[in-house]
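Structure, as structure tokens:
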Amino acid sequence: MRTWMVNAFKISIILIGVAVLLLFIFWLPNVSRRLAILNPEYAYLRYPLLFGIYITGIPFYMGIFHTFKLLKLIQGNSAFTKKACKSLGAINVYAVLVIVIYIIGMIFISINNAIQLEVLLFGILIIFASFIIAIFSAILKELLRKVVEIKNENDFTI
Numbered sequence: 180m181r182t183w184m185v186n187a188f189k190i191s192i193i194l195i196g197v198a199v200l201l202l203f204i205f206w207l208p209n210v211s212r213r214l215a216i217l218n219p220e221y222a223y224l225r226y227p228l229l230f231g232i233y234i235t236g237i238p239f240y241m242g243i244f245h246t247f248k249l250l251k252l253i254q255g256n257s258a259f260t261k262k263a264c265k266s267l268g269a270i271n272v273y274a275v276l277v278i279v280i281y282i283i284g285m286i287f288i289s290i291n292n293a294i295q296l297e298v299l300l301f302g303i304l305i306i307f308a309s310f311i312i313a314i315f316s317a318i319l320k321e322l323l324r325k326v327v328e329i330k331n332e333n334d335f336t337i
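Each residue of the sequence shown is one higher than the one before, counting from 180 in our numbering.
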């Protein structure tokens, strides 16, 4: 892959990571405070929900890290290695973790009768996006595993 393209992907990944971090630091606390003021009957859910959303940041940033690692392997012409398979597997696991955390959060909100359409749609959007990432990373991992297997067989053939 061309160096400029890999660098563009790296910059995109960094920008996404910084944007999400800024949302976590500035936007989420303000929105949760405003929602607690507008809906005092659900104010007790402010901190548990913030905590749950912040917890999803851990697998998100671990997925970002492994994506960056994968791009470094591609840039170093080591894309067809077991390390790349491991990175894709890790991305898959972290995407599934985000799905599980959001499903648990949606159940928690439903149990407390605090589910609103906007919250439901936002949660479903994140679950759907994570599901797509998990599916594609699993497919790519399996394809890459087969390519690495064929490559290793060819390396041993004279």
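Each residue gets a CB set at the ideal place from its N, CA and C atoms; glycine is no exception. Since we're looking at a predicted model, the values are computed, not measured.
Are there 16 or more other CB atoms within 10 angstroms of the CB of residue i, so buried, or fewer, so exposed?
i, result
"Tyr338", "The question about residue 338 has no answer here: the residues shown for the chain are numbered 180 through 337."
"Val210", "exposed"
"Ile318", "exposed"
"Phe307", "exposed"
"Ile288", "buried"
"Asn277", "Per the sequence shown, the amino acid found at residue 277 is Val instead of Asn. By the neighbour-count rule (16 or more Cβ atoms within 10 Å), Val277 is buried."
"Ser309", "buried"
"Ser316", "buried"
"Tyr223", "exposed"
"Ile280", "buried"
"Ile305", "buried"
"Ser257", "exposed"
"Lys320", "buried"
"Ile312", "buried"
Using 8 Å for Cβ pairs, my map puts residue i next to residue j. What's the rounded Cβ distance?
i, j, result
"Lys262", "Leu250", "The Cβ separation is near 12 Å, so there is no contact."
"Gly302", "Gly284", "7 Å"
"His245", "Ala215", "Going by Cβ atoms, the distance from His245 to Ala215 rounds to 35 Å, so no, they are not a contact pair."
"Val185", "Thr260", "The Cβ separation is near 16 Å, so there is no contact."
Quick one: grab the DSSP three-state call for residue i.
i, result
"Ser289", "helix"
"Ala215", "helix"
"Thr235", "helix"
"Phe259", "coil"
"Arg225", "helix"
"Arg181", "coil"
"Thr336", "coil"
"Gln295", "coil"
Kindly indicate which residue of the options has the alpha-carbon position closest to the one of residue i.
i, options, result
"Ala293", "Leu228, Ile314, Val327, Asn331", "Leu228"
"Leu323", "Val298, Leu296, Trp206, Cys264", "Cys264"
| message | So, does the stretch 256-273 touch the stretch 226-246, judging by three or more C-beta pairs under 8 Å? | response | yes
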